[in-house]
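K.L.:
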Amino acid sequence: MREVMVQYLQHRLLKWFDENQRIFPWREDRATKYQQIVSEILLQRTKAETVAKYYDTFFSKFPDWNALANASLEELEEIMKPLGLYRHRARRLYKLGEDIRRRGGKIPGNENELRDSGFIGLYVTNAFELFILRNRKPLLDVNMSRLLKRYFKPGDFIDVRHDKEIQELANDIIEVRRCKELNWAILDYAALVCKTRNPLCGECVLNKHCKYYELSQGDVTEEPE
-7 MREVMVQYLQ
3 HRLLKWFDEN
13 QRIFPWREDR
23 ATKYQQIVSE
33 ILLQRTKAET
43 VAKYYDTFFS
53 KFPDWNALAN
63 ASLEELEEIM
73 KPLGLYRHRA
83 RRLYKLGEDI
93 RRRGGKIPGN
103 ENELRDSGFI
113 GLYVTNAFEL
123 FILRNRKPLL
133 DVNMSRLLKR
143 YFKPGDFIDV
153 RHDKEIQELA
163 NDIIEVRRCK
173 ELNWAILDYA
183 ALVCKTRNPL
193 CGECVLNKHC
203 KYYELSQGDV
213 TEEPE
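Going by my numbering, the sequence shown runs without a break in its numbering and finishes at 217.
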């Protein structure tokens, strides 16, 4: 049954994405690898629409890896203030800049170099593998976790960094040719349909197999963000 559920989710969400995908600058073909990775750092715990409005502000000042590598922590903190959590984000980006300087301006070229780099955290390292190394990896955050948890096995929320079951599910789900698009499809669907509060279960394209829908019969409750 799990294999059927996986294939159904893959097929339905990719079809949904082709008709309903959100348009963001970091998803465009002209976006550089640098812009893709830094955008993923900015997106953590922040709405995509907010980052989209801020996108040009950041990348006009720090347009590439070299500019980031030469940025001071104070400069990064200052430009991060409109997004909130600015000290945390600035420290992460500064650490990446230090790593780029240490590598003589080069970014990691394989998994071993990535493990020894300043690209820390499950989400960011997965994003690097997906966009830079072209490996199939899930952009696993609280939103993807929520969708997968509801669909496969409703239960208490667990931090994705410690939820091995969700990590395993996420890695299974993205084993498709259009891996990047499926990642985006899941994130978009979690934002627009399988929302934290008041999910649109009645019109969900996954409700045929969704365990959360089956259990709730449309009487959904609020979940932690």
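Positions of the beta carbon are idealized from the N, C-alpha and C atoms, including for glycine.
For a test of the three-state rule: what should DSSP assign to residue 55, helix, strand or coil?
P.N.:
Within the sequence shown, the letter at position 63 stands for residue 55. Coil at residue 55, not helix or strand.
K.L.:
Is there contact between the stretch 168 to 183 and the stretch 8 to 15, where contact requires at least three CB pairs shorter than 8 Å?
P.N.:
yes
K.L.:
For residue 118, name the three-state secondary structure that DSSP assigns.
P.N.:
Here residue 118 refers to the residue found at position 126 of the sequence shown. Helix, per DSSP.
K.L.:
Can you tell me which of the three DSSP states residue 134 falls into?
P.N.:
Here the question's residue 134 lines up with position 142 in the sequence shown. Note: residue 134 maps to helix in three-state DSSP.
K.L.:
With H, G and I counted as helix, E and B as strand and the rest as coil, what does DSSP make of residue 177?
P.N.:
Working through the sequence shown from its first residue, we reach residue 177 at position 185. Looking at residue 177 - three-state DSSP - the assignment turns out to be helix.
K.L.:
Could you spell out where the alpha helix (DSSP H) holding residue 79 opens and where it closes?
P.N.:
Here residue 79 corresponds to residue number 87 of the sequence shown, with the count starting at 1. 78 to 94 is the span of the alpha helix (DSSP H), which, as asked, contains residue 79.
K.L.:
Taking its Cβ as the centre, do 16 or more other Cβ atoms sit within 10 Å of residue -4, making it buried, or is it exposed?
P.N.:
Residue numbering aside, residue -4 sits at position 4 when the sequence shown is read from its first letter. In summary, residue -4 is exposed, with fewer than 16 beta-carbon neighbours lying within 10 Å of its beta-carbon over all protein chains present.
K.L.:
Are there 16 or more other CB atoms within 10 angstroms of the CB of residue 218, so buried, or fewer, so exposed?
P.N.:
Not covered by the structure: residue 218. The range shown for the chain is -7 to 217.
K.L.:
My guess is that residue 85 and residue 33 are in contact by the Cβ rule of under 8 Å, so how many angstroms apart are they, rounded?
P.N.:
As a first step, residue 85 must be located in the sequence shown, where it is residue number 93. As a first step, residue 33 must be located in the sequence shown, where it is residue number 41. That pair is a contact at about 7 Å.
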